[in-house]
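J.:
Residue numbers (the numbering used here): 240 to 955.
(1) Let me know the secondary structure DSSP gives residue 956 once reduced to three states.
(2) In its own chain, which residues sit with a C-beta less than 7 Å from the C-beta of residue 365, not counting the 5 before and 5 after it?
(3) Would you mind giving the Cβ-Cβ distance between residue 913 and residue 753, rounded to the nearest angstrom? I have them listed as a contact below 8 Å.
(4) Residue 872: which of 569, 529, 840 sits nearest, CA to CA?
(5) Just list the residues that DSSP pairs residue 548 with in beta bridges.
(6) According to the neighbour-count rule (16 or more other Cβ atoms, all chains shown, within 10 Å of its Cβ), is residue 852 buried or exposed?
(7) Would you please state the rounded distance, in angstroms, between the beta carbons of residue 308 and residue 579? I believe it to be under 8 Å.
(8) In terms of residue numbering, what span does the alpha helix (DSSP H) encompassing residue 422 cover?
(9) Examine the Cβ distances between the segment 796–807 and the segment 765–783 and report whether three or more of them are shorter than 8 Å.
(10) In the structure shown, what three-state DSSP assignment does residue 676 receive?
(11) Would you report the Cα separation of residue 949 and residue 755, rounded to the nearest angstrom?
(12) Confirm, please, whether the CB-CB distance from residue 508 to residue 449 is below 8 Å.
(13) May I ask you to report which of helix, strand or coil DSSP gives residue 752?
(14) Based on the DSSP output, what are the partners of residue 329 in its beta bridges?
(15) What are the start and end residues of the alpha helix (DSSP H) that includes residue 936?
(16) Any idea what DSSP makes of residue 702, helix, strand or coil?
(17) Taking residue 382 as part of the beta strand (DSSP E), name the residues at either end of that continuous run.
(18) Taking 8 Å as the cut-off, decide whether the C-beta atoms of residue 648 and residue 679 are in contact.
(19) Taking all protein chains shown into account, decide if residue 715 is buried (16 or more other Cβ within 10 angstroms of its Cβ) or exposed.
(20) What residue from 392, 903, 934 has the CA that sits closest to residue 918's CA?
(21) Count the other C-beta atoms from every protein chain shown that fall within 10 angstroms of the C-beta of residue 727, then say buried if there are 16 or more, exposed otherwise.
(22) Evaluate residue 503 with the Cβ neighbour count: other Cβ atoms within 10 Å of its Cβ, from every protein chain shown; 16 or more gives buried, anything less gives exposed.
(23) Which residues does DSSP pair with residue 613 in a beta bridge?
(24) For residue 532, which of 544, 518, 513 has the nearest alpha-carbon?
(25) Give the DSSP-derived three-state secondary structure of residue 316 in the structure shown.
(26) Taking the alpha-carbon of residue 300 as reference, which of 545, 881, 340, 640 has the nearest alpha-carbon?
(27) Under 8 Å by Cβ, that's how I've got residue 421 and residue 607 pegged, so tell me the actual separation to the nearest angstrom.
(28) Return the residue from the list 604, 480, 788 that minimises the CA-CA distance to residue 868.
(29) With the cut-off set at 8 Å, would you say residue 324 and residue 404 are in Cβ contact?
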């Protein structure tokens, strides 16, 4: 199985790659993989095409081609640029960097460009671009160059016969510069295009707004966590000083800000233009900073800088494509949904109190690939110098926890649920063991009165971080953190104690899909010989649920485009589908569904149950059946998640948290990604008005390798 966030990496982290001994011409490679479910490191034989099929299958090509606003604005900008060049009496020579399907080059050719050089470094995409260009009748005007733009040569014998006078690119990500736009533009202006060339887009502008948001701040670092005690003498787990002072993770948090409730943040400044890049002139990739004075429009704690950008496709700024969220959008009722460009959340190194009317300095700094922000109060003379270096984590917690994990650890309601469950099972003589990565349940168990608590922190990083938290709260030695894996544990490591209570959230940093956390079950099996006769396990079991859904927008990332702005791109659809068929057409991928609204077409269906009181079985666990579609709509796919039964009466869900059965509206756990199985495109386009329609399913859990095989079919 493979999974990704947006177009991210495979679900298993790749290790060394090598050809089998004596097989230099083999079509196979061996890949080392850390199996997130079983915990084993495996070497598997893969087809040599595996990696590029992964990249194609998880690409954003379909999403971009479905972005009508983007396509129309590019087309208008390209037509205007070609017209301006022609009006000067010149031939229109276009350089298209990152051509993908060749769409922008074909737009230029149709607009009257004399010659287009379409540069694409990814060979499978370059190959299909050649075919798409030929199918649309533009092979005489468009030359596809399969190179990185910095390797392109110009001259009579070069890749380009001459320098271009129109530069067309789509090199941007959510952060604008994260895909290397600045170095690519810098090189192009030096070596590939004429002075004062036309550029589409002509200009990009980055905007920022300072906000207070307790919810977003909880995504950034560990906050004090309260544990209610029976004697009303509440305990508090505090972050260590270095965690509190840490500048945090330098990576941007890209997010669908349009799904963030306006009640979850308070704006402290107006939207501010931070800096612009004029792409028609020489561009520098050197580090730079931009500092602006702004006036606070409200009082509060400054936590976060929200940021986005827009593009002006022409020098006059009349053709504009913006990523602005709904409260700052010029036409909030007609916002184009897109997943390849979203919005950015940048966490300040420290929260800073500001007062309405106060003069502030907001500084944006960037290197050639990333941005970061700093806030200064003008009244604070000690902060005269702006930090020029990119902030880095110094406490190690940000290397262990991603944004969702911090949010989960800081969720007091969730913590209270675990505390309530622990109170029902812990006895004064309890010998507890917790299994996980960075779990606070071991501290909960100790503070709730367990006689002895051992903690198996699976990753070395989590062991170090937990050691610091224990020391910072005066609990060193109260919880014994082991540096051994479950299968290596000996009676001596447990002081010859038998475990009476085995505890997990479960959470492991290697997990991408909901069922990857079943590693807890494997760890429990490895520990069988250390469990007492009457042991208790929390959670008692896990249940895999599935539900058929209609997505509001997410379906675009897997839907075929067929035609884009009048150009036939069916060959791209076929290439993506072939790559999906290579491995992934019957697999789920993780998505944080709180960012991607959907409507349930069926009720939640219990698919598989995993009993943690029993050891992992030898035989596969299978389930087959059907989900009745109770509501009309377009069935795009099936969502899968895990519910954990902590005790007989207490359940924690990683998926559906609220379900409105009348309309099928869903609310999803914001701290977890859910698994999404997209139905094949031809099935997902059916309008389901027949109440007898259903989704047939077959799901099998293979204990040997921890894989979950699944198949869902629409039955009309």
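Cβ atoms here follow ideal geometry from the backbone N, Cα and C, with glycine treated the same way.
Just so we're clear, the structure is a prediction, and the values are computed from it rather than from any experiment.
T.: In terms of the structure at hand:
(1) As displayed, the chain neither begins before 240 nor continues past 955, which places residue 956 out of reach and without an answer.
(2) Around residue 365: 359, 383, 385.
(3) About 7 Å; that satisfies the 8 Å criterion.
(4) Distances from the alpha-carbon of residue 872 to those of 569, 529, 840 put 840 closest.
(5) Beta-bridge partners assigned by DSSP to residue 548: 445.
(6) Counting every other CB atom within 10 Å of its CB across the protein chains shown gives residue 852 a total below 16, marking it as exposed.
(7) No, residue 308 and residue 579 are not in contact; Cβ-Cβ is about 12 Å, not under 8 Å.
(8) Where residue 422 is concerned, the enclosing alpha helix (DSSP H) stretches over 420–430.
(9) Contact check between the segment 796–807 and the segment 765–783: fewer than three CB pairs, one atom from each, fall below 8 Å, which does not count as touching.
(10) Coil, per DSSP.
(11) C-alpha separation (whole angstroms): 15 Å.
(12) Cβ atoms of residue 449 and residue 508: closer than 8 Å.
(13) In the structure shown, the three-state DSSP call for residue 752 is coil.
(14) None; residue 329 has no bridge partner.
(15) Boundaries around residue 936 are those of the beta strand (DSSP E), 933–941, since no alpha helix (DSSP H) includes it.
(16) Residue state, collapsed to three classes: helix.
(17) For residue 382, the uninterrupted beta strand (DSSP E) run begins and ends at 381–384, by DSSP.
(18) Between residue 648 and residue 679, the gap from beta carbon to beta carbon is short of 8 Å.
(19) Burial call: exposed.
(20) For residue 918, the nearest C-alpha among the options comes from 934.
(21) By the 10 Å Cβ count, residue 727 comes out exposed.
(22) It is exposed - the Cβ of residue 503 has fewer than 16 other Cβ atoms within 10 Å.
(23) Answer is 602.
(24) Nearest to residue 532 by alpha-carbon distance, out of 544, 518, 513, is 513.
(25) Note: residue 316 maps to helix in three-state DSSP.
(26) Ranked by Cα distance from residue 300, the options 545, 881, 340, 640 are led by 340.
(27) Between residue 421 and residue 607, the beta carbon gap of about 5 Å places them in contact (Cβ cut-off 8 Å).
(28) Closest by alpha carbon: 788.
(29) Between residue 324 and residue 404, the gap from beta carbon to beta carbon is short of 8 Å.
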